[in-house]
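Residue numbers (UniProt numbering), protein chains in the order written: chain C, 1 to 613; chain H, 1 to 528.
We put the CB at the ideal spot given by N, CA and C, even for glycine.
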């Protein structure tokens with residue numbers, strides 16, 4: 001609290017990003033949020049703020065530009081410069097927490113008791129998940145080699161390795177891999193007994209080799225009788241891998257490993273991805289953007305090219321495992337960025353379970369959280385190194401969204417589930433994504449001191465359901481085979497313009513159908529209740545009456561008045577928003593006639609799209 | 001019959017048909033005067049019936065004695081026929097070429113087509129101008145005009161092509177009208193026309209204002225002066241303000257369509273290549289330009305209460321795109337199936353959009369374009385964009401738009417033949433051909449075009465014209481390049497949910513009624 005100099009400023013203007021509209025309200029600064037109150041209020045979590053910029057003073061006040069990690073951009077104009085400066089410097093301090101204790105998760109209290117909190121954390125059980133896959137089995141076993149995080153600090157305690165991989169082999173292999181991240185199982189395709197394993201790059205340099213590591217790969221290969229070969233996917237571009245050799249790292253030499261098939265995939269590194277997103281956001285943030293600038297900008301940013309590269313790699317992985325029945329070892333440099341993307345997306349293509357709400361949580365928990373994707377660094381949680389920040393996880397979510405576009409019935413969840421997860425990866429409101437590794441999370445005692453996001457999301461599950469999800473689709477399409485034609489990859493407007501309401505369809509099919517589905521459930525109940533009531537009646541009345549009832553029921557009367565006593569389907573909520581002409585900026589109407597002002601009814605409800613569409 | 005001369009080989013056996021996402025079919029190929037037919041003679045496989053008029057261009061290839069003809073259609077489909085025998089292949093190819101490029105309109109299929117359905121409602125009688133302009137009558141009373149001045153104007157425009165559309169009082173405070181015209185013939189020396197000034201000024205009462213939306217840039221409009229055209233001098237039209245918007249002329253559009261379709265058919269999977277080709281086609285830019293101008297026209301009427309006069313050069317292309325789209329934005333009636341048909345009839349057919357010329361060739365035309373241009377397709381694309389943004393506000397779905405696209409380019413119906421009303425009268429289309437409307441408006445057909453999400457609303461719908469909000473119309477441009485099975489099934493599931501909802505509601509109502517009835521019948525029994 002000591003950082004807040006001015007808790008409240010009045011007569012602040014909030015400007016719309018893409019039009020000339022503005023609303024006036026009061027700005028409040030709290031320990032955790034920046035809140036703007038007019039007819040409806042907008043609140044921004046400090047953790048969501050990526051940058052604050054004070055622009056030069058104008059006649060109507062001092063502009064303050066706030067850029068958020070959830071792609072919201074807020075432009076305030078504060079009448080007095082001193083107030084603006086106070087807010088500015090308070091925010092600068094507040095959005096740079098220096099210790100984990102300052103993060104919102106440690107003060108957030110959803111009014112649950114300890115037991116509820118514990119239950120929340122117990123929702124996802126990775127041991128059960130490996131059991132579901134069929135592991136341990138005759139070829140794969142749980143190893144306790146990392147119980148004390150002694151072999152690899154960034155891996156979880158429980159790891160699954162081939163039966164044939166003895167402790168010396170594991171330890172030897174780990175010494176030959178960056179950060180000790182030796183090959184371990186992440187997904188087991190039971191049908192063909194093929195494994196997806198992950199690791200970091202070998203410390204091969206120009207000529208070094210390691211017998212234990214070679215044995216390790218052989219052990220993985222031998223655990224699968226279906227294929228003579230084990231595929232090694234290096235997800236980096238070849239050039240990057242070559243460059244790493246000079247630093248004593250590099251990639252597997254095919255001559256030293258028996259029966260491996262080595263393949264580069266060419267996904268760019270975190271720095272390229274960071275730059276790409278920056279370019280993309282710059283382009284789509286331009287006011288009165290022309291179609292040409294948009295398409296050229298989209299191409300130049302390279303964003304969709306990167307998304308497609310990740311998808312291509314995941315498809316290759318899924319095909320190799322499901323069609324060829326071969327085991328695949330995936331790595332990049334440290335094995336926590338590109339490797340996580342490809343393993344997680346590949347598993348999602350192979351296993352329908354990961355396309356359900358619960359399964360998707362498990363997938364994130366396994367391939368991202370437990371295997372040490374550095375959320376704290378990548379998502380800029382704590383006094384960050386700007387060179388470590390990168391939208392790797394965002395890309396994964398986007399790949400999943402691209403898949404939902406091609407397979408609308410394959411996923412139990414809608415895009416709002418993905419967007420909400422993205423929101424909370426940055427919110428630091430829940431403990432799940434804090435820190436960089438399991439070990440660090442244990443040190444922080446997150447399970448005792450914070451709440452789990454998954455419990456929260458499950459409690460509002462109905463908001464994230466995909467109304468056309470079909471479990472039978474999973475039976476007919478256990479493995480998804482998406483098309484990789486370039487035109488299937490689209491700009492994800494609901495993610496990157498989540499808060500720019502004027503860009504979205506004014507009527508949401510998703511919301512409409514979800515409402516209908518809810519109503520169907522309700523109506524089914526009503527039908528049941530009415531039938532029981534009728535039955536009771538029929539019993540108490542003469543058999544003659546009963547007959548009549550039966551007859552009428554079969555008829556199904558379609559009447560005008562039918563609508564009257566039906567329960568309201570739409571709940572009066574889904575109104576066609578009187579979309580606004582001026583908000584869209586079709587053209588200037590040559591001042592002289594003086595345009596009429598937009599009626600006050602059209603307000604900017606920031607974030608309304610997030611929850612309700 | 002002269003077709004017989006053009007058909008060198010009427011029938012070839014053992015022809016193999018390849019279509020994307022469909023199994024190959026082997027069968028007999030037959031050529032008739034108007035159709036290319038491939039039949040496998042097996043009960044379970046579908047026959048291919050292709051109108052020659054739908055064929056945009058063909059390519060021949062030979063490997064040994066096996067010939068291959070690639071048939072590229074105006075609806076953008078590409079199919080491949082493998083024909084055994086070089087001579088047969090060459091004969092078939094040249095026959096198709098001749099039959100698909102018949103010069104005489106009266107040889108077109110609509111003049112030979114006899115409907116297999118009973119015409120209940122004759123489409124030719126459906127939309128008479130008086131009916132379409134019935135809103136206008138009040139205007140005629142209101143303003144010192146009579147109908148003759150409306151349709152036979154003493155005007156020195158290139159065509160006396162002025163029409164009125166009155167904004168419904170429901171959404172205008174003041175009576176505002178939208179009009180269209182061709183450019184005035186001012187020329188380089190600034191000729192004036194008293195009658196034209198009087199006419200245009202007469203639409204506005206004293207103190208009222210209006211906007212002239214010129215669909216050309218000021219530079220292009222200036223240039224037009226050297227060819228005798230030009231634009232209205234504001235001094236002579238004191239109550240009017242002129243706004244220039246840059247919608248490109250129709251001749252550029254054809255090239256744009258060709259490039260777009262080429263990009264969509266590109267089999268390389270490179271992201272950069274796709275985006276740069278999509279951009280280079282310029283198609284999406286055109287969608288944005290036209291929608292923006294239409295929104296501006298609608299904005300003038302709805303927000304400013306001002307009248308609007310739209311024109312480009314001839315007033316038969318970009319002008320119609322703008323006026324018809326503005327009406328869809330403003331007028332909920334245009335978002336019903338009937339209303340949309342009326343709109344096409346009034347704003348396109350009767351307004352003299354030269355369908356025959358514009359739709360003579362589509363995206364696969366090799367020759368130098370004459371007056372072909374996908375003006376109408378671009379309009380349909382814009383409607384689709386609005387439909388996407390307001391999916392519950394239209395009574396019809398995307399299929400209706402695609403159907404109009406297909407029939408504008410090749411059809412068994414006479415509706416889109418000819419270039420203007422006068423030509424159509426001369427061709428005696430209403431006596432000799434069947435109207436598209438006679439077919440579409442049959443309940444069996446309409447079902448396909450209904451939007452299950454439709455809930456009528458009387459609001460003005462302002463679409464977003466940000467590039468991020470405008471999408472590629474996949475239903476047309478990627479129609480033959482992707483499998484839509486998953487999307488179609490999802491759509492069916494959605495329809496199922498909606499229908500189930502109706503069913504449940506009816507059930508609840510009927511049960512409630514029974515219960516109510518029982519209760520009333522019961523009550524005398526229970527009171528002894």
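Query                                                                                                                                      : Result
Nearest neighbour of residue 330 of chain C, chosen from C:319, C:343, C:318 [CA to CA]                                                    : C:343
Residue 81 of chain H to residue 232 of chain C span [Cα, whole Å]                                                                         : 43 Å
Short CB-CB distance (under 8 Å) between residue 393 of chain H and chain D                                                                : No chain D appears in this structure, whose protein chains are C and H.
Beta-carbon proximity check, residue 502 of chain C vs residue 466 of chain C, cutoff 8 Å                                                  : no
Residue nearest to residue 492 of chain H in terms of C-alpha spacing, selected from C:487, C:477, C:43, C:409                             : C:409
Alpha carbon of residue 67 of chain C to alpha carbon of residue 345 of chain C, nearest angstrom                                          : 29 Å
Closest residue to residue 122 of chain C among C:478, C:432, C:397, C:379 (Cα-Cα distance)                                                : C:432
6 Å Cβ shell around residue 147 of chain C - same chain, five flanking residues per side excluded                                          : 157
Residue range of the beta strand (DSSP E) that includes residue 214 of chain H                                                             : 210-214
Top-ranked residue by Cα proximity to residue 74 of chain H, from H:451, H:377, H:227                                                      : H:377
Chain C contact for residue 269 of chain H (CB, 8 Å cutoff)                                                                                : yes
Cut-off 6 Å between Cβ atoms - residues of its own chain near residue 98 of chain H, not counting five sequence neighbours on either side  : 6
Cut-off 7 Å between Cβ atoms - residues of its own chain near residue 426 of chain C, not counting five sequence neighbours on either side : 47, 48, 69, 70, 379
Interface positions of the segment 374-398 of chain H facing chain C (Cβ-Cβ less than 9 Å), listed along the chain                         : 388, 389, 390, 391, 392, 393
Contact set for residue 4 of chain C: own chain, Cβ-Cβ below 6 Å, skip 5 residues either direction                                         : 29, 90
Contact between the segment 193-210 of chain H and the segment 316-333 of chain H (3+ Cβ pairs under 8 Å)                                  : no
Which of helix, strand or coil DSSP assigns to residue 168 of chain H                                                                      : Reliability of the predicted coordinates at residue 168 of chain H is poor, the pLDDT of 30 falling under 50, and no value is obtained from them.
Beta-carbon neighbours of residue 424 of chain H, restricted to chain C and to distances below 9 Å                                         : None at all; the shortest Cβ gap to chain C is about 35 Å.
Coarse secondary structure for residue 172 of chain C, derived from DSSP in three states                                                   : helix
Contacts of residue 494 of chain H in chain C (Cβ-Cβ under 8 Å)                                                                            : 467, 468, 509, 513
Cβ-based neighbour list, residue 105 of chain C, same chain, cut-off 7 Å, excluding 5 preceding and 5 following                            : 428, 429, 430, 431, 434, 450
Below-8 Å beta-carbon distance, residue 512 of chain H vs any chain C residue                                                              : yes
Chain H contacts from the segment 406-435 of chain C (Cβ-Cβ distance under 9 Å)                                                            : 406, 407, 408, 409, 410
Residue 379 of chain H versus H:287, H:83, H:48, H:393, residue with shortest Cα-Cα distance                                               : H:287
Pair within 8 Å by beta-carbon distance, residue 489 of chain C and residue 307 of chain C                                                 : yes
Residue-level contact to chain C via CB, residue 274 of chain H, 8 Å cutoff                                                                : yes
Minimum C-alpha distance to residue 266 of chain C - residue among C:287, C:241, C:257, C:246                                              : C:241
Sheet register partners of residue 240 of chain H (DSSP bridge)                                                                            : H:210
Any alpha helix (DSSP H) of 4 or more consecutive residues that is wholly inside the segment 396-422 of chain H                            : 398-409
Chain-ordered neighbours of residue 531 of chain H on chain C, where CB pairs are closer than 9 Å                                          : Missing from the structure shown is residue 531 of chain H; chain H here goes from 1 to 528 and no further.
Paired residues, beta bridge with residue 11 of chain H - DSSP                                                                             : H:30
Partners in chain C for residue 490 of chain H, counting only beta-carbon separations shorter than 7 Å                                     : 408, 409, 468
Whole-Å CB distance - residue 620 of chain C paired with residue 149 of chain C, under 8 Å assumed                                         : In the structure as shown, chain C starts at 1 and stops at 613, and residue 620 of chain C therefore has no counterpart that could be examined.
Neighbourhood of residue 376 of chain C by C-beta distance below 7 Å, restricted to the same chain and skipping five residues each side    : 382, 434, 435, 436
DSSP three-state assignment for residue 700 of chain C, whether helix, strand or coil                                                      : Shown here, chain C extends from 1 to 613; a query on residue 700 of chain C therefore has no answer.
Check whether residue 354 of chain H and residue 419 of chain H have beta carbons under 8 Å apart                                          : yes
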